[in-house]
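S.K.: Starting off with a structure, shown below.
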Amino acid sequence: MNRELVSRALSGLDDRHISDTMCFSPGVMRDAPERTVHMKKKRILTVALAAALLLALGVTAYAVSGIVRSTGTHAMPKAANYASLSDLPVVEKDVGYPVTVPERFSNGCRFAGLRVEGEAVFGENDEPVKEYYSVLVTYSRPGAADRCLSISPVLELPGGAEAPEPSERRIIGGVAVDLSRDHYKLVPEGYEKTEADREMEAAGHYYISFVDAEEITERDYAFAGFVLNSANYMLMDMDADDSSPDDLAQMAAELIAAANGE
């Protein structure tokens, strides 16, 4: 999947992708009005949450045997919220794979909550063809935007989605960690791209989405993604700046070390 597809998906979020996800970012309703976008079906969520949903909940599309499929949230019996890491054994039993969730990081981020979310791969008629659970973790620190961690199983599906090209790849603790910082511009329907828009899109890591909103909203997001113990991990900074990739790389290093018992 390329990032242009991710950008287009922002304008098509529906109830399946959004339901039960407000807990993913506990501070979302405290955000300032200028950070709020009115999406379709009158749902209200921050730009940051929307981007996190796309990447953490896997709003992707790809071809399997010539059929376009998608992945997204799906009602499942063991979806639940957890406020304590003492419940991690229960979480691992329910999701069916081991997860590493540090309590804190050296940058001051501390565990704030966890959600087990049901997800599925959907067929051409929107029927679930493969169900699985993901783990969505929120980390908070005073005076800064939440950091998020998404964990999901590595899916072995033919014709899987093409991974987006990272800004940088680093080998950390023997693990390949892909780092990206992307700029997302959410614009009202009918917006005409400027020459500057086209130039920045061509340069990469700049994406425009047409949404049901009256004003243009722009924000940078940073991601650190890697595979660990047969699971996909993605750390996210939803208010990124120049320091974000290095900060996420350090968080990835600490998480990998924790998984290795260091």
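Per our numbering, residue 1 is the first one in the sequence shown, and the count goes up by one each step.
For every residue, glycine included, the Cβ atom is placed at its ideal position computed from N, Cα and C.
Mind listing, in chain order, the continuous beta strand (DSSP E) runs of no fewer than 3 residues lying wholly within the segment 170-239?
M.R.: Qualifying beta strand (DSSP E) stretches, in chain order: 175-188, 206-211, 217-228, 231-237.
S.K.: Kindly identify the DSSP beta-bridge partner or partners of Pro153.
M.R.: For this step, residue 153 is matched to residue 153 along the sequence shown. According to DSSP, Pro153 bridges with Ala231.
S.K.: Check whether the Cβ atoms of Tyr221 and Tyr207 sit closer than 7 Å, and answer yes or no.
M.R.: Along the sequence shown, read from residue 1 onward, the residue named residue 221 stands at position 221. Along the sequence shown, read from residue 1 onward, the residue named residue 207 stands at position 207. Not in contact: Tyr221 and Tyr207 (Cβ atoms no closer than 7 Å).
S.K.: With a CB to CB cut of under 7 Å and the five nearest residues on each side skipped, what residues in its chain are close to Asp197?
M.R.: Locating residue 197 in the sequence shown gives position 197, counting from the first residue. Taken in chain order, the residues that qualify are Ile208.
S.K.: Just to confirm my understanding: we take Val177, look at its own chain, exclude 5 residues before and 5 after, and list those with CB closer than 6 Å. What are they?
M.R.: For the purposes of this step, residue 177 is taken as the residue at position 177 of the sequence shown. Cβ within range, chain order: Arg170, Ala224, Phe226, Ala252.
S.K.: Buried or exposed: where does Glu117 fall if 16 or more other Cβ atoms within 10 Å of its Cβ makes it buried?
M.R.: Taking the first residue of the sequence shown as 1, we reach residue 117 at position 117. Its Cβ being crowded by 16 or more others within 10 Å, Glu117 is buried.
S.K.: When DSSP labels each residue in this structure, what does Ser106 get in the three-state scheme?
M.R.: Here residue 106 is taken as the residue at index 106 of the sequence shown, counted from 1. Note: Ser106 maps to coil in three-state DSSP.
S.K.: Our contact map puts Val91 next to Phe111 with C-beta atoms below 8 Å; I'd like the distance itself, whole angstroms only.
M.R.: Locating residue 91 in the sequence shown gives position 91, where the first residue counts as 1. Locating residue 111 in the sequence shown gives position 111, where the first residue counts as 1. With a Cβ gap of about 12 Å, Val91 and Phe111 do not count as contacting.
S.K.: Looking at the unbroken beta strand (DSSP E) that takes in Lys130, where does it start and where does it end?
M.R.: Your numbering for residue 130 matches position 130 in the sequence shown. Element bounds for Lys130: 128-140.
S.K.: Roughly how many whole angstroms lie between the Cα atoms of Glu189 and Ala213?
M.R.: Start at 1 with the first residue of the sequence shown, and residue 189 comes out as number 189. Start at 1 with the first residue of the sequence shown, and residue 213 comes out as number 213. When rounded, the distance between both Cα atoms is 8 Å.
S.K.: Check whether the Cβ atoms of Leu228 and Ala259 sit closer than 7 Å, and answer yes or no.
M.R.: What you label residue 228 is simply residue 228 of the sequence shown in a count that begins at 1. What you label residue 259 is simply residue 259 of the sequence shown in a count that begins at 1. Result yes, Cβ atoms of Leu228 and Ala259 sit closer than 7 Å.
S.K.: Using the Cα positions of Pro166 and Ser180, report the straight-line distance between them to the nearest angstrom.
M.R.: In the sequence shown, counting from the first residue as 1, residue 166 sits at position 166. In the sequence shown, counting from the first residue as 1, residue 180 sits at position 180. For Pro166 and Ser180, the distance between alpha carbons rounds to 5 Å.
S.K.: Between the segment 80-88 and the segment 121-130, do at least 3 Cβ pairs fall closer than 8 Å?
M.R.: No contact exists between the segment 80-88 and the segment 121-130.
S.K.: Taking its Cβ as the centre, do 16 or more other Cβ atoms sit within 10 Å of Glu254, making it buried, or is it exposed?
M.R.: Numbered from its first residue, the sequence shown carries residue 254 at position 254. Label assigned to Glu254: buried.
S.K.: What are the boundary residues of the alpha helix (DSSP H) that Ala83 is part of?
M.R.: Taking the sequence shown and counting its residues from 1, the one referred to as residue 83 is at position 83. Careful: Ala83 lies outside any alpha helix (DSSP H) and carries neither H nor E.
S.K.: Using only the alpha-carbon positions, how far apart do Ser230 and Asp237 sit?
M.R.: By one-based count along the sequence shown, residue 230 stands at place 230. By one-based count along the sequence shown, residue 237 stands at place 237. Their Cα atoms are separated by approximately 23 Å.
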